[in-house]
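Working notes, structure below.
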Amino acid sequence: GDYLPLVGNGIVVNEDFLKKNPEAVRKFLRAVIRGIKYSIANPDEAISILLQRDPTLNKDVEKQRLLMALEIINVKGVTDKYGFGYVDPSVIDKNIDVIVKTFGLERRPSLNEVVDLNYLPPLDFRLP
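The sequence shown: position 116 = 170 (this note's numbering), numbered continuously.
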């Protein structure tokens, strides 16, 4: 194609931390997904919570930003099948190729070195 499909969001974990704290990573991912689902169901309350953290933000602007972000995160036909946290392996592979070429890396990391979905909660929890 004429463009690179980018991964919009991701959570990066230091390998040493992951090895020492796998349960903390699992719980964090579960909390992130719970927060996304809550924000979808309660966008106004999500913005109120955000404004408690930073009252200098503009409520209307932040609500628009939230709704746009949720639209990107909640992809019809993908999220309702694979759940929140899923990434298309072919998209990751294309991104790896571009990074290797752009930065002249000597070795191309495998998909499994870059993405590990095994720490995600079960699918039934991740579904919208």
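Note that CB positions come from ideal geometry on N, CA and C, so glycine has one too.
Using the three-state DSSP reduction, which class does D114 fall into: helix, strand or coil? Counting from one through the sequence shown, the residue named residue 114 turns up at place 60. Helix, per DSSP.
Are P97 and L72 closer than 8 Å when you measure CB to CB? Walking along the sequence shown from the start, residue 97 turns up at place 43. Walking along the sequence shown from the start, residue 72 turns up at place 18. Going by C-beta atoms, P97 is not nearer than 8 Å to L72.
Cβ pair count under 8 Å reaching 3, the region 102-120 against the region 133-144: no
Name the residue from E69, I153 and I65 whose alpha carbon lies nearest to the alpha carbon of L174. Taking the sequence shown and counting its residues from 1, one reaches residue 174 at position 120. Per the Cα distances, I65.
Sequence-distant residues of the same chain with beta carbon closer than 8 Å to L171, five excluded per side: Counting from 1 along the sequence shown, the entry for residue 171 is found at position 117. Closer than 8 Å at the Cβ level, and outside the excluded window around L171, lie G139, Y140 and V141.
Can you give me the Cβ contacts of S93 inside the same chain, cut-off strictly under 8 Å, excluding the 5 residues immediately before and after it? Reading the sequence shown from its first residue, position 39 is the one you call residue 93. Taken in chain order, the residues that qualify are A100, L120 and L124.
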